[in-house]
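Numbering (the numbering used here), first residue to last: 240 to 325.
Just so it is clear, CB atoms sit at the ideal spot from N, CA and C, and this is done for glycine as well.
Below is one structure, written out as structure tokens; the observations come after it.
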């Protein structure tokens, strides 16, 4: 998915399709995770997880813990956990 984001005054405007898909509003808290390859935005809501999101998470989990290291930055404290697990 390649879509243009608008950044203005330190705020990011997400495309309407993304806002709708994740049922975001102005008050939705978001966890920001920096990775080696980009930024992950994770909405923190009380909404039940959709089946498609559940399937996507299961696919990521099936890759195993070793694969997670490809996405974390070197200063992420989880790197030490990964290094001790492999």
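Taking the CA atoms as reference points, residue 282 sits about 9 Å from residue 271. A Cβ-Cβ contact shorter than 7 Å links residue 280 with residue 269.
Leaving aside the five residues that flank residue 267 on each side, the residues in its chain whose CB is nearer than 7 Å to its CB run, in chain order, 282, 284. Our two residues, residue 301 and residue 291, have alpha carbons roughly 15 Å apart in a direct line. Just so you know, the alpha carbons of residue 251 and residue 276 end up roughly 18 Å apart.
Comparing alpha-carbon positions, the option among 246, 263, 249 lying closest to residue 286 turns out to be 263. For residue 270, the uninterrupted beta strand (DSSP E) segment begins and ends at 269-273.
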